[in-house]
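See below for the structure under consideration.
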Amino acid sequence: MGDLTDTDHRDAAGEESVGGGTVALDAGDPLALERQVCFALSVASRSVVAVYRPLLEPMGLTHPQYLVMLALWQRAPRSVKDLSALLQLDPGTLSPLLKRLEAAGYVRRERDPGDERVLAVTLTEAGTALRARAERVPAAVVARLGMGLDELQRLHESLTRVIAAARA
């Protein structure tokens, strides 16, 4: 499960040469970095988000903003509370994302006329139109990852199980 670059090597003795240094790998060491699920998930997350970055920048979106827009393209308006739960972000993290999306002209935040305590987020015309450009993103990500759809679907299912297990 190690993360070896083109210049990194693993020899017959199980030693890994990384950046000019050699690190002995102990397959039985429960604290070996390469064996940690958290490490693999962390590196995979950063790497996948980096794949999205050049695709989202022309649209003026960060990856977290893209996730908000995906939720709103699926159904809008949504309450901030609903978005927070769906995206699994606390309101303190979500609020600045919504402010920036509003400043960009993609969303509008308004009090729900039926319940003034509820802050509803809805798409603007520009936010709705942005969806057409975003429709190219998933295929471009799949192409850049170089993995088959079946493999990515299995990965998604496994990660969904990991999320559920971690929350249990």
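The letter at position 20 of the sequence shown is residue 20 when you use the UniProt record's numbering, and the numbering goes up by one with no holes.
Even glycine gets a Cβ: it sits at the ideal position worked out from N, Cα and C.
Contact under 8 angstroms by Cβ, residue i with residue j
i: GLN65; j: LEU87; result: no
i: ARG108; j: GLU102; result: yes
i: ARG133; j: MET69; result: no
i: ALA143; j: LEU55; result: no
i: ALA120; j: SER79; result: yes
i: LEU155; j: VAL51; result: no
i: PHE39; j: LEU33; result: yes
i: TYR106; j: LEU83; result: no
Selected residue, minimal CA-CA separation from residue i, among the options
i: THR122; options: LYS99, ARG154 and VAL142; result: LYS99
i: ALA104; options: ARG144, THR62 and GLU135; result: THR62
i: VAL118; options: PRO91, GLU135, LEU130 and ASP150; result: PRO91
Residue span of the beta strand (DSSP E) that contains residue i, given as start and end
i: ALA32; result: Segment: none, ALA32 is in no beta strand (DSSP E) and carries neither H nor E.
i: ARG108; result: 107 to 112
i: THR122; result: 115 to 123
Assumed close pair residue i, residue j - CB separation to whole angstroms, cut-off 8 angstroms
i: LEU72; j: GLY127; result: 7 angstroms
Opening and closing residue of the alpha helix (DSSP H) in which residue i lies
i: ASP90; result: Unbroken run through ASP90: none, as it is neither H nor E.
i: VAL151; result: Looking at the sequence provided, one finds Glu at residue 151 rather than Val. It spans 149 to 167 - the alpha helix (DSSP H) in which GLU151 sits, taken as one unbroken run.
Sheet register partners of residue i (DSSP bridge)
i: SER79; result: ALA120
Proximity test, Cβ basis, 8 angstroms: residue i and chain D
i: GLY114; result: Absent from the structure: chain D. Only one protein chain is present.
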